[in-house]
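Note that the sequence shown covers residues 82 to 174 in the working numbering.
C-beta atoms are modelled at their ideal positions from N, C-alpha and C, and glycine is treated no differently.
What you are looking at is a predicted structure, and each value in this text was computed from that prediction instead of being measured.
A quick write-up on the structure given underneath.
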Amino acid sequence: MDSLVQLAPLLIMFVLFYFLLIRPQKKRQNAVQQMQSSLKKGDKVVTIGGLHGTVDSIDELKLVVKSPDGTKLTFDRQAIREVVESAPEKVEA
């Protein structure tokens, strides 16, 4: 009984760390992976370096981003920080 009382604060701290640090981090990581896997041509994106551009072409691991001055740069998918504006969906008639 006495050892259980001594372990209680440690267990409480672990539970708090899990709900305050570990769980939110995993949610953010899953959201970033979802965003990077759903990239498509025409999306306006920002890279982790701060470059703003439009996705010109895309393959399994890399994508080509066209900057506003027309320069095309190749990046890994993991280099994309956020999608600013998603490309409009193509409607097939």
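| Query | Result |
| --- | --- |
| Report the partner residues of L144 according to the DSSP bridge assignment. | I139 and F156 |
| To the nearest angstrom, how far is the alpha carbon of F156 from that of E166? | 18 Å |
| Would you grab the beta carbon distance between I129 and R162 for me? Rounded to a whole angstrom, and I think it's under 8 Å. | 5 Å |
| Check whether the segment 87-98 and the segment 141-148 touch, using three or more Cβ-Cβ pairs below 8 Å as the test. | no |
| For K171, I'd like the list of residues in its chain whose CB is within less than 8 Å of its CB, leaving aside the five on either flank, ordered along the chain. | none |
| Note down the Cα distance separating L85 from L97, rounded to an integer number of angstroms. | 18 Å |
| For the beta strand (DSSP E) holding I161, just list the boundary residues, first then last. | I161 to E166 |
| Select from K153, P105 and Q110 the residue whose C-alpha is nearest the C-alpha of F133. | Correcting the residue identity first, residue 133 is His in this sequence and not Phe. H133 has its Cα closest to that of K153, out of K153, P105 and Q110. |
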